[in-house]
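Here the structure is laid out as structure tokens; the discussion comes afterwards.
Next up, the structure:
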């Protein structure tokens, strides 16, 4: 599936900083997208009221991986940097949140905030070389970084618990009270995940995001306009790492155990699959992709004797041929607008 | 100085043995990418197939078993590579990431199928009879099998060098790495070349898996570990360069062996550090540029 | 005597044994409309890249308004005021026409580093104004991928101008254009203020002679002749370089400036 999205599948009406002239069309845009989004949010918020804890738990898991996937989309779909090691920052965030909760405090939002910060810092520290290299080298360097972090997690047994994982993470606390009910944990995760999505959306549709798209589409041209692409790529990498760390922090508070594999290549590969399956560059497509990946691995997986990745692999291979732009590409077929034929030269 | 060598002779020799294996793996990966811009992330999974084939044919008990494993692995590798080349053909006009992702999906499938067939146990494979004992080298005893591996690596390096430098097929490979469109403009069917290169490259991966079984055994996750090492070798050496694959393999072999023996906690850092240093100094690898030799 | 805006001294670029550009010295005065012509293989494209910074020189110096920019990278030179349009339109295909021009305009009107969506009023106004100048304001919200070749060339020019350059380099801007489109291009370039100096690499001699105040002729990587359009037009050496023999009839007979029919 292509990581260069069709312009028809990107969220129309939300051009970088450019709002269509006239308040009427602005209101239209808000109505067209605001209302469904609001309805969706209300629906999501109401889930614990009518669903059982297991469903709430699964949805929580989906939200965590959706945030993780969208953070990767900023790199892959918007900037055009395919990373095979994004789980490194997810894992670092998860371990950070777990350690903070165990040794310091599990009062929200401290663990997840610390997780986001360490994710961003780790990304900034390691991303420099990868971003500088670009192309296939970027892919391989990020893979190496991911594996390095996973191996580190395995070796530093004293800190991370080694291959047994970091367990016994206390429940997150809000106002001093621990959240033990699945529904409450779900709400906590929903709030933070939605804030995270909002943050990523703002960055993607800011002028900075426009430059990132320019890098993806035509980096040489951007250089000739006076931009230094490295700086933008580097900042994008750090931001993506920060939001991945945030998602990792949420994972820690959800499952309350962190394993070295959460930072490893398999997790990175799965989340990249989620992004491309959903539709790279659209920001909302990867949410769907993440849902599919989580459902297949965690819900159908046990029915397949834990061989969920096999089904995922097959789905993915098929989708590469059939859905070149992921699920979001299908939506593009419905909403594709005909280019204006007025004023032809 | 000599004392240090003596004490670490085993590790250094291990480094060469690992280097041999990595060379066999990396050369296929590097040429395929250099020629075809196809990053075959299923390479590690093919290696794992070889490892498990060695288990099935009980390569450790007899030479017959060993050679059967090698033969079946070679056949599988050839077919798998050919299949890959056919599968990536419709994606030829898409960004190269798409092909890489396809191979990623395939690697997932292959790894899971192996896990279904063989379960999650860790298998070990003894070396074939006659190579199972050790040889005395400068006071240390060293497994004969690993010496053989070093030998095989050297022979292969020589063969590959001869083929690439001295035969017309080799000239074709070098030309394709340098300028693929030109080669196809000369009337040579790119698809056949791709088929052959992917076939031979994957064959090398599966054969390496069989050869490595007495050293690494067979277990889930080995494919990812070995893929990572092979990628590091290829990046250090320079994509498309056979000489680079050899040098890279020797370097990483020593890093893995000596590194883990001397400073086990820092070994992963040293690996990444080596990669980082090489790329800082030579952003495209040691023997950069799309030239295969 | 106006100072040179662009000054090349002894500039050369070799590829192994091949001297693509050999000891080129030329000065472009501030406000000039300078054309760079020459037969195929003369080294015009290479020289173009040496000036924009896409390719480093192997010898010589490049100076912009007196300061040496030889060691500066392409983005750095662009920030000093050099802008370019390319022979093969190089745009951001998935984005709209307006977004393309905005990417250039926002560099001069701030806000490009903003991490949150902004109205960017100043940059927007400038972008729309430029689109109106090139006649594409109706297509502002169309993805560039949907535009025709000629329209993309117009977007190229708008993007280059949005950078508010001091020196605008155009690589064969009229290539592939119909006579009507070329005429419109010439009008647009003519209307540019003197604060923008133009250097045009061009094959279409009608465009060159309609626009240029000075001309440099390159041949085999070296400067053959630098001078006014008339001097170049009547030079036997130039005709020989182009045609192999002197064929006056291929050039206008020198009785008046070239002009284009604007339909």
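Protein chains in written order, with this note's numbering: chain H, 109 to 453; chain C, 119 to 411; chain F, 14 to 276. We put the beta carbon where it would ideally sit given N, CA and C, even for glycine.
Can you find the residues in the same chain that come closer than 6 Å, C-beta to C-beta, to residue 324 (chain H), ignoring five residues on each side of it along the sequence? 187 and 188
Could you tell me the distance, in whole angstroms, from the CA atom of residue 121 (chain F) to the CA atom of residue 136 (chain F)? 8 Å
When you compare the CB positions of residue 194 (chain H) and residue 171 (chain H), do they come within less than 9 Å of one another, or not? no
Is residue 302 (chain C) close to chain H? Criterion is C-beta to C-beta, closer than 9 Å. no
Select from the segment 117-144 of chain F all residues with a C-beta closer than 7 Å to any C-beta belonging to chain H, and list them in chain order. 117, 119, 120, 124, 125, 126, 127, 128, 129, 130, 131, 132, 133 and 137
Between the CA atoms of residue 177 (chain H) and residue 220 (chain C) - distance to the nearest angstrom: 19 Å
Quick one: which chain C residues come within Cβ less than 7 Å of residue 505 (chain H)? Coverage of chain H is limited to positions 109 through 453, which leaves residue 505 (chain H) absent and any answer about it impossible.
Sequence-distant residues of its chain with Cβ nearer than 7 Å to residue 185 (chain F) (five each side left out): 100, 214, 215 and 216
Whole angstroms are fine: how far does the CA of residue 357 (chain C) sit from the CA of residue 387 (chain C)? 23 Å
Separation of residue 248 (chain F) from residue 239 (chain H), as counted between CA atoms: 53 Å
When the Cβ atoms of the segment 381-395 of chain H are set against those of the segment 227-236 of chain H, are three or more pairs found closer than 8 Å? no
Cutoff 9 Å: residue 112 (chain H) Cβ touching any chain C Cβ: Only weak support is given to the placement of residue 112 (chain H): the predicted model assigns it a pLDDT of 49, under 50, and the value that follows is read from those uncertain coordinates. For residue 112 (chain H), the answer is yes, since a Cβ of chain C falls inside 9 Å of its Cβ.
Taking the straight line between their C-alpha atoms, what separation do you get for residue 129 (chain H) and residue 168 (chain H)? Summary for residue 129 (chain H): the model assigns pLDDT 46, below 50, so the residue's position carries little reliability; its value from the coordinates is reported in the next sentence. Computed Cα separation, rounded: 40 Å.
Between the alpha carbons of residue 133 (chain F) and residue 151 (chain C), how many angstroms are there, rounded? 44 Å
In terms of residue numbering, what span does the beta strand (DSSP E) encompassing residue 3 (chain F) cover? Residue 3 (chain F) lies beyond the residue range present for chain F, which begins at 14 and ends at 276; the question has no answer from this structure.
Secondary structure at residue 160 (chain H), three-state DSSP: helix, strand or coil? coil
The segment 256-274 of chain H: which residues have C-beta closer than 8 Å to a C-beta of chain C, in chain order? 256, 259, 260 and 263
Taking Cβ-Cβ distances shorter than 7 Å, what residues in chain H pair up with residue 28 (chain F)? Here the premise fails: no neighbours, minimum Cβ distance about 20 Å.
From the DSSP output, in three-state form, read off residue 258 (chain C) for me. strand
How about the segment 81-100 of chain F and the segment 326-346 of chain H: do they share at least three Cβ pairs that are nearer than 8 Å? yes
Would the beta-carbon of residue 414 (chain C) fall within 9 Å of that of residue 199 (chain C)? Residue 414 (chain C) lies beyond the range of chain C shown here (119 to 411); nothing can be said about it.
Taking residue 42 (chain F) as part of the beta strand (DSSP E), name the residues at either end of that continuous run. 31-42
Going straight from the alpha carbon of residue 301 (chain H) to that of residue 355 (chain H), what length do you get? 8 Å
Identify whether residue 112 (chain F) lies in helix, strand or coil by the three-state DSSP scheme. helix
For residue 251 (chain C), which residues does DSSP report across the bridge? Residue 251 (chain C) is not bridged to any residue.
Please state the DSSP three-state secondary structure of residue 525 (chain H). The structure shown does not extend to residue 525 (chain H), since chain H is modelled only from 109 through 453, so no value can be given for it.
Identify the continuous alpha helix (DSSP H) that holds residue 195 (chain H) and give its terminal residues. 195-211
Can you check which of these residues, F:197, F:38 and F:28, is closest to residue 239 (chain F) by C-alpha distance? F:38
Taking residue 224 (chain C) and residue 275 (chain C) to be in contact with their CB atoms under 8 Å, please state how far apart those CB atoms are, rounded to whole angstroms. Incorrect: roughly 28 Å between the Cβ atoms, too far for contact.
Kindly give me the distance between the Cβ atoms of residue 128 (chain F) and residue 191 (chain H), rounded to whole angstroms, as I take these residues to be in contact under 8 Å. The pair is not a contact, with the Cβ atoms about 20 Å apart (cut-off 8 Å).
I believe residue 200 (chain H) touches residue 163 (chain H) by the beta-carbon criterion, under 8 Å. Please report the beta-carbon distance rounded to the nearest angstrom. Actually they do not touch by this definition, with Cβ atoms about 30 Å apart.
Please name the residues in the segment 398-422 of chain H whose beta-carbon is closer than 8 Å to at least one beta-carbon of chain C, in chain order. 413, 415, 417, 418, 420, 421 and 422
Residue 164 (chain F) burial status per 10 Å Cβ neighbour count (16 or more: buried): buried
Since residue 340 (chain F) contacts residue 140 (chain F) with CB under 8 Å, what's their CB separation in whole angstroms? As shown, chain F starts at 14 and ends at 276. That puts residue 340 (chain F) outside it, with no answer to give.
Hey, quick one: how far does the alpha helix (DSSP H) through residue 317 (chain C) stretch, first residue to last? 308-334
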